[in-house]
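Visitor:
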Amino acid sequence: MWRAFRKISFVYFLCGVAYVGSSQAQDAEHFYLRLKQAPLVEMLQYLALQQHQDLLIDDHLEGTLSLQMKKTTFEKCLQSIARMKQLELHQEGKSYYLTSPSGVAANDTHHPTSLMTSSIKLHFAKAAEVVKSLTSGQGSLLSVGGSLSFDERTNLLLIQDEPQSIQRIKALVAEMDKPIEQIAIEARIVTMTDESLQELGVRWGLFQATEQAHTIAGSLAANGFSNIENQLNVNFSTNSTPVGSIALQLAKINGRLLDLELTALEREKHIEIIASPRLLTTNKKSASIKQGTEIPYVMKRGKDKSESVEFREAVLGLDVTPHISKDNSILLDLLITQNTLGAPVVYDKGEIVSIDKQEINTQVVAQDGETIVLGGVFHDTMTKGVNKVPLLGDLPLLKHVFSQKTERHQKRELVIFVTPHIIKSSQGSPEQKTTRVKKSAKSR
């Protein structure tokens, strides 16, 4: 025993081992170990040889080891080293296996991991986006040796992994592969007078800054205002209303009979329906529609004043982005523009056309089927004319007696009615729908 001790001490003294030795003869399984920056793999191999143990070591293990242990066993020593170096240690029979965490499944030849291949058909989500979501970020849903791919043509996910990992991935994919909610946005852009707005049941500045609301006439209830105390009203008015002035105002009305009322008012020439755009989009996706013309401008640049033609839009446009919340209320990001040709402007011995720009950019919340009313864009018109008696009104001396000058002032407001509708999609995949149709046909 003394010869063995001297041999161990001499061999590992060059590697930084201060002392290795056995305890008393009656307790031969225990030994003392003290190492300082000793090569990890060589030290483990020699220790297993001295203790007459079978030890299989991963080829990827490297580094040095420093420790001091008193009255320890071979198994406890391996457990301590594995814990300190974050290694995997397991025993089968009389053999010990020491591997790195990433090499357990690949290097364990006694317990080979059985990989299965499975496919998932996606009906709503794109396979490429699902794979990107599952593989991005820290960590992985796949086990060691597993793989995840997709076929773009068939929109199919291909998984090769352990059964437990496949089940976890399938459960997560089922949550991701759901139909996206769609929203139909119906807008009506009209010009009307204050009297026409009152006939529709719209009241700007309905509430004062008090806790109690004023009494409302019955015309509001007749137009669907069953809970008038909860209706939203925001009024940022201006003191004066020149031509083209804007004072943003907001209200809500019931939109069930709105089309009929607008059509009736248009026939009576009280309002003018400029446009009725309708958009269909998905949740959190922008949609826009424009109608109008592009006006060319001649631009001069540089010292040589080279000319180029650029275009400016004079359009009526609607840009909307809906966001559906859990309670089915809809948050709308709205951008409504009405750009028209303005008065010509004299410039550089010529005239250029100006653009009168009117724009509303706001964010509102509405319920499914509820109509949001946006107003506050005013336009004043002044019409001058002469009423006269034929022939007599043209006589130089008598025309003042038989004629009369008239001035007609009309103030009209641009009002936008926006109604969102959530389109209910039937639940289930196309295969499930086909199965239900077949069962229904058989029952007939």
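Note that the sequence shown covers residues -25 to -1, 1 to 419 in mature numbering (1 follows the signal peptide of the UniProt record, and there is no 0).
All C-beta atoms, glycine included, are put in the ideal place defined by N, C-alpha and C.
Buried or exposed for I330, going by 16 or more other Cβ atoms inside 10 Å?
Guide: Classification of I330: exposed, given that the 10 Å Cβ count is below 16.
Visitor: Under three-state DSSP, which class holds G199?
Guide: Note on G199: pLDDT 38, under 50, position unreliable in the model; no value is reported.
Visitor: May I have the straight-line CA-CA distance separating E63 from K46, to the nearest angstrom?
Guide: One C-alpha to the other measures close to 23 Å.
Visitor: Between H5, L291, S283, L24, which lies nearest to Y71 when the distance is taken from Cα to Cα?
Guide: Taking only the C-alpha atoms, the option nearest Y71 is L24.
Visitor: My output table needs one value for R276: the three-state DSSP class, helix, strand or coil.
Guide: DSSP places R276 in strand when its eight states are reduced to three.
Visitor: Look at Q333 and S304 and say whether their C-beta atoms are less than 8 Å apart.
Guide: Cβ distance not < 8 Å, so Q333 and S304 don't count as in contact.
Visitor: At which residues does the beta strand (DSSP E) containing A159 begin and terminate?
Guide: Note, A159: beta strand (DSSP E), 157 to 167.
Visitor: So what's K399 in DSSP terms, helix, strand or just coil?
Guide: Coil at K399, not helix or strand.
Visitor: State the Cα-Cα distance for the pair K399 and S263, rounded to the nearest angstrom.
Guide: Whole-angstrom Cα-Cα distance: 22 Å.
Visitor: Among the residues of its own chain, which have a CB less than 6 Å from the CB of E269, if the five just before and after it don't count?
Guide: Once the five neighbours on either side are set aside, the close Cβ partners of E269 are F286, E288.
Visitor: Only counting the same chain, and skipping five residues up and downstream in sequence, which positions put a Cβ closer than 8 Å to that of residue 508?
Guide: No answer is possible for residue 508: the residues shown for the chain start at -25 and end at 419.
Visitor: With respect to the alpha helix (DSSP H) encompassing Q20, which residues constitute its N-terminal and C-terminal limits?
Guide: Segment 15 to 25, the alpha helix (DSSP H) holding Q20.
Visitor: Rounded to the nearest angstrom, how far is the Cβ of L254 from that of I160, given a contact under 8 Å?
Guide: With a Cβ gap of about 4 Å, L254 and I160 count as contacting.
Visitor: My guess is that P14 and T39 are in contact by the Cβ rule of under 8 Å, so how many angstroms apart are they, rounded?
Guide: About 6 Å separates the two Cβ atoms, so the contact holds.
Visitor: How many angstroms separate the CA atom of A250 from the CA atom of A103?
Guide: Looking at the two C-alpha atoms, the distance is approximately 40 Å.
Visitor: Cβ of C52 within 8 Å of Cβ of M44?
Guide: Cβ atoms of C52 and M44: closer than 8 Å.
Visitor: Quick check on S283: buried or exposed, where buried means 16 or more other Cβ atoms within 10 Å of its Cβ?
Guide: S283 should be labelled exposed.
Visitor: With a CB to CB cut of under 6 Å and the five nearest residues on each side skipped, what residues in its chain are close to P252?
Guide: Closer than 6 Å at Cβ, skipping near neighbours: A162, I264, L293.
Visitor: According to DSSP, is A103 part of a helix, a strand, or is it coil?
Guide: Three-state DSSP puts A103 in a helix.
Visitor: Over what stretch of residues does the alpha helix (DSSP H) that includes F125 continue unbroken?
Guide: Looking at the DSSP string, F125 is not in any alpha helix (DSSP H); the run it does join, the beta strand (DSSP E), is 122 to 126.
Visitor: Assuming S93 and G121 form a contact by the criterion Cβ under 8 Å, report the distance between their Cβ atoms to the nearest whole angstrom.
Guide: With 8 Å as the limit, S93 and G121 do not qualify as a contact, their Cβ atoms being about 11 Å apart.
Visitor: Output the distance between the C-alpha atoms of E345 and K386, rounded to the nearest integer angstrom.
Guide: So the two alpha carbons sit approximately 28 Å from each other.
Visitor: Provide the residue span of the alpha helix (DSSP H) that contains D33, from first to last.
Guide: Counting along the chain, D33 falls outside any alpha helix (DSSP H), and DSSP gives it neither H nor E.
Visitor: Could you compute how far the alpha carbon of Q12 sits from the alpha carbon of L22?
Guide: Approximately 15 Å, taken between the alpha carbons.
Visitor: In the DSSP assignment, find the beta strand (DSSP E) that holds T337 and state where it starts and stops.
Guide: Run containing T337: 326 to 341, per the beta strand (DSSP E) assignment.
Visitor: Count the other CB atoms, across all protein chains shown, that sit within 10 Å of the CB of N362; report buried if there are 16 or more and exposed otherwise.
Guide: Looking at its Cβ environment, which holds fewer than 16 other Cβ atoms inside 10 Å, N362 is exposed.
Visitor: Helix, strand or coil for E170? Go by DSSP, reduced to three states.
Guide: Here E170 sits in helix by DSSP.
Visitor: Would you please state the rounded distance, in angstroms, between the beta carbons of Q135 and L90? I believe it to be under 8 Å.
Guide: The pair is a contact, with the Cβ atoms about 5 Å apart (cut-off 8 Å).
Visitor: Taking the alpha carbon of Q26 as the reference point, which residue from E326, F6, S300 has its own alpha carbon closest?
Guide: Selected option, being the one with the closest Cα: F6.
Visitor: Could you check what DSSP says for D302 in three-state terms: helix, strand or coil?
Guide: Three-state DSSP puts D302 in coil, outside helix and strand.
Visitor: State the DSSP-derived secondary structure class of Q61, mapped to helix, strand or coil.
Guide: Three-state result, Q61: coil.
Visitor: Of the residues V119, H35, M167, Q142, which one's Cα is nearest the Cα of L349?
Guide: The candidate whose alpha carbon is nearest that of L349 is M167.
Visitor: Apply the 10 Å Cβ neighbour rule to D33 and answer buried if 16 or more other Cβ atoms are within range, or exposed otherwise.
Guide: So D33 ends up on the buried side.
Visitor: Given a cut-off of 8 Å on the beta-carbon distance, is the pair T312 and V290 in contact?
Guide: For T312 and V290, yes; Cβs fall inside 8 Å.
Visitor: For G317, I'd like the list of residues in its chain whose CB is within less than 8 Å of its CB, leaving aside the five on either flank, ordered along the chain.
Guide: Result list for G317: V328, S329, I330, D331, in chain order.
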